[in-house]
Amino acid sequence: MSNSKLYKGSLSTIILKLLAETHKMYGYEITQKVKELTQGELTITEGALYPALHKLEANGFLEVEMQRVDNRLRKYYKLTQAGNQEKVSRIEELERFIETIQGIVNPKPSLG
Amino acid sequence: MKNLSAEQVVRLYEFTRQHYVEYYDVQTELVDHLASAIEKHWQKDPHQNFETLLQKEFKKFGIFGFSDVVEERQQAMQKRYFQLVKKEALQFLKLPKVIIVAFSIWLFSFLLLQKEIGFVIVASILVLEIIYVFYRLIQLQKISKQRRKQREGKYYLLEHVFLNMGRGVGGFVISPWQWYWVAEKTLPYQYFAVVFALLITFSFILHYIVFRILPAKKEEILHRVYPEMKLEKV
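Chains as they are written, first to last, in full-length UniProt numbering: chain G, 1 to 112; chain S, 1 to 234.
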C-alpha cells in the first residue's frame, strides 16, 4: 500500500482513538483492527506501530497491563487520563486537517 | 485453534535475540506479536510451517528488522529516566531540601570570595567529587554486568538505562571546570563566585540523584514500569 506516507503523521491519533473505543489492546490486535475497519485499505506496518506506541507510553498517554496468554506474556495498552485529553485534541486537529485538504483537493465553487 | 507450543515461544525469544534485541521487555512484546501473527495464519491453514511463517512475519518489520523498535524503545526509556531525574531534582527546590541547596550556594560563594585559600578548598572538594563519580561509575558498571548474569537473559531496558546513564550525567562533573574558564574571564569576580557556586551545587544534586537516590529506588520503579516482573518466575 502506497498510503503509508499519508497516514504516518496520524498514526498516534489512530492508536489513541482505537484505545479510547476499546478498553485495552495489544500491538498485533491494533494492526488487525485497523485493517478490519478500513477493509484492508490501511495497513499499519509493524516497524511503525511499536515505535509510536512506545513514544505515547513515554509521554504518559498510555499505561500498560501484562497478562499471561497461553504460554507467553501479552502487553496490553490502555489510555491514561492524559491520553484521553490528548486524543480529543488530536482528533480535532486531524479533522481540521482533513477539512483543509478537502478544501484544496475539492474546492467548493464560489458564487461570485 | 492451534496455538504455539512452549518450545516455539522459546524459539521466538531466541529469534529476537539473534536479531539484536537484547532486552527482555522488548523481546516479550515482539514474541507476542510474532506468535499472534503465526496463530492467525494457522487459523486458515494449521499445517503451515512455523519457521516459514516466522520469516514471513519478520519481513513485515522492514529492511531494518527490529532495530527501529529497539531504538525508539531506548529513546522512550531514556526520556522516562530523565523525567525521574527531573522529578527528584524538583524536590530540591522545596522545603526542607532547598535549605541545604541555599546553604551550599552560600558556602561555595563565601569560600570562593576568600580567593586563594577558599579556592583551594573548593578545588579540593571538586577533586573529591570527581573521585566519587568515577568510583560509582565503576561500581554501577559491575552491577550492570552482574545483573545481566543474574537475570538469565531477562535484562530489562530501563534497568540498563538506570545503570548506564551515569556515564552521560557523570560527564557533568567536568562542566563546572569548563565554565570556570569562561566565567572567570567574562564576569566580575563576585558574580563569578556566585555563578560558580550555583554550578557546583547543581552538579552535586545531579550526581546525588543519579548515583544515590535513583539506584536506591531502582527495583521499586522497575516493578512499576514492568508489571510483567510480578508474572515472571525469575
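Beta carbons are placed, not taken as given, at the ideal position from N, Cα and C, and that holds for glycine.
(message) I want to know whether the segment 66-74 of chain S touches the segment 42-59 of chain G - three or more CB-CB distances under 8 Å.
(response) Taking a contact to require three or more Cβ pairs closer than 8 Å, the segment 66-74 of chain S and the segment 42-59 of chain G qualify as touching.
(request) Output the boundary residues of the alpha helix (DSSP H) element that contains Met77 (chain S). (result) Ser67 to Gln91
(request) Over the uninterrupted alpha helix (DSSP H) stretch that includes Arg90 (chain G), give me the two end residues. (result) Gln81 to Val105
(message) If you reduce the DSSP assignment to three classes, tell me which class Val234 (chain S) lands in.
(response) Any answer about Val234 (chain S) is weak, because its pLDDT of 38 lies below 50 and its placement is not dependable; what the coordinates show is given next. Residue state, collapsed to three classes: coil.
(message) Just checking: is the beta-carbon of Ser36 (chain S) within a distance shorter than 7 Å of some beta-carbon in chain G?
(response) yes
(message) Please classify Ile130 (chain S) as buried or exposed, where buried requires at least 16 other C-beta atoms within 10 Å of its C-beta.
(response) exposed
(message) Please report whether the beta-carbon of Phe50 (chain S) lies at a distance below 7 Å from any beta-carbon of chain G.
(response) no
(message) Whether or not the segment 24-43 of chain S and the segment 153-164 of chain S are in contact is what I'm after, with contact meaning three or more pairs of Cβ atoms, one per stretch, closer than 8 Å; do they touch?
(response) yes
(message) Let me make sure I understand the geometry here. Which of G:Val34, G:Asn71, G:Glu63 and G:Leu37 has the alpha-carbon closest to that of Ser5 (chain S)?
(response) G:Asn71
(message) Our contact map puts Leu94 (chain G) next to Lys87 (chain G) with C-beta atoms below 8 Å; I'd like the distance itself, whole angstroms only.
(response) About 10 Å; that fails the 8 Å criterion.
(request) With a threshold of 16 other CB atoms inside 10 Å of the CB of Leu231 (chain S), please say whether the residue is buried or exposed. (result) By the Cβ neighbour-count rule, Leu231 (chain S) is exposed, with fewer than 16 other Cβ atoms within 10 Å of its own.
(message) Taking only three categories from DSSP, how would you classify Glu22 (chain S)?
(response) coil
(request) Could you name the residues of the same chain whose beta carbon sits closer than 8 Å to that of Leu112 (chain S), not counting the 5 residues immediately before and after it, in chain order? (result) Closer than 8 Å at Cβ, skipping near neighbours: Gly118, Phe119, Val122, Phe192, Ala193, Phe196 and Ala197.
(request) Would you mind stating whether Leu73 (chain G) and Glu228 (chain S) have Cβ atoms separated by less than 7 Å? (result) Yes, Cβ-Cβ distance for Leu73 (chain G) and Glu228 (chain S) is below 7 Å.
(request) Give me the Cα-Cα distance between Phe82 (chain S) and Ile44 (chain G), rounded to the nearest whole angstrom. (result) Straight-line Cα distance between these residues: approximately 30 Å.
(message) Against His54 (chain G), what residues of chain S qualify as contacts under a CB-to-CB distance less than 7 Å, listed in chain order?
(response) Glu72, Arg73 and Ala76
(request) Quick one: list the residues of chain S neighbouring Pro107 (chain G), beta-carbon separation under 7 Å, in chain order. (result) Within 7 Å Cβ-Cβ: nothing; Pro107 (chain G) doesn't reach chain S, min ~37 Å.
(message) Which of the three DSSP states is assigned to Leu37 (chain G) in this structure?
(response) Leu37 (chain G) falls in the helix class under three-state DSSP.
(request) With a threshold of 16 other CB atoms inside 10 Å of the CB of Ile104 (chain G), please say whether the residue is buried or exposed. (result) exposed
(message) Would you call the segment 57-68 of chain G in contact with the segment 208-216 of chain S, where contact means no fewer than 3 C-beta pairs closer than 8 Å?
(response) no
(request) Give the secondary structure of Tyr226 (chain S) by DSSP, where H, G and I count as helix, E and B as strand, and everything else as coil. (result) coil
(request) Use the C-beta contact count for Val9 (chain S): other C-beta atoms within 10 angstroms, 16 or more gives buried, fewer gives exposed. (result) buried
(message) Below 7 Å on C-beta distance, what does Ala123 (chain S) contact in chain G?
(response) What Ala123 (chain S) touches in chain G: nothing, since even the nearest Cβ is about 40 Å away.
(message) Residues of chain S with CB closer than 9 Å to the CB of Val64 (chain G), please, in chain order.
(response) Val225, Tyr226, Pro227 and Glu228, listed in chain order.
(message) Rounded to the nearest angstrom, what separates His41 (chain S) and Gly9 (chain G) at their Cα positions?
(response) 30 Å
(request) Please compile the residues from chain G whose C-beta is within a distance smaller than 8 Å of the C-beta of Asn164 (chain S). (result) Under the 8 Å cutoff, chain G gives no residues; its nearest Cβ is about 18 Å from Asn164 (chain S).
(request) Count the other C-beta atoms from every protein chain shown that fall within 10 angstroms of the C-beta of His207 (chain S), then say buried if there are 16 or more, exposed otherwise. (result) buried
(request) Return the chain-ordered list of same chain residues with a C-beta closer than 8 Å to the C-beta of His223 (chain S), the five sequence neighbours on each side being excluded. (result) Met229 and Lys230
(message) Beta-carbon within less than 8 Å of residue 282 (chain S)'s beta-carbon, same chain only, minus the 5 sequence neighbours each way: which residues are those?
(response) Outside the modelled stretch of chain S, which goes from 1 to 234, sits residue 282 (chain S), for which no answer is possible.
(request) Please name the residue in S:Glu88, S:Lys87, S:Lys97 and S:Tyr20 whose C-alpha comes closest to that of Ser64 (chain S). (result) As written in the sequence, residue 64 (chain S) is Phe, which differs from the Ser given in the question. It is S:Tyr20.
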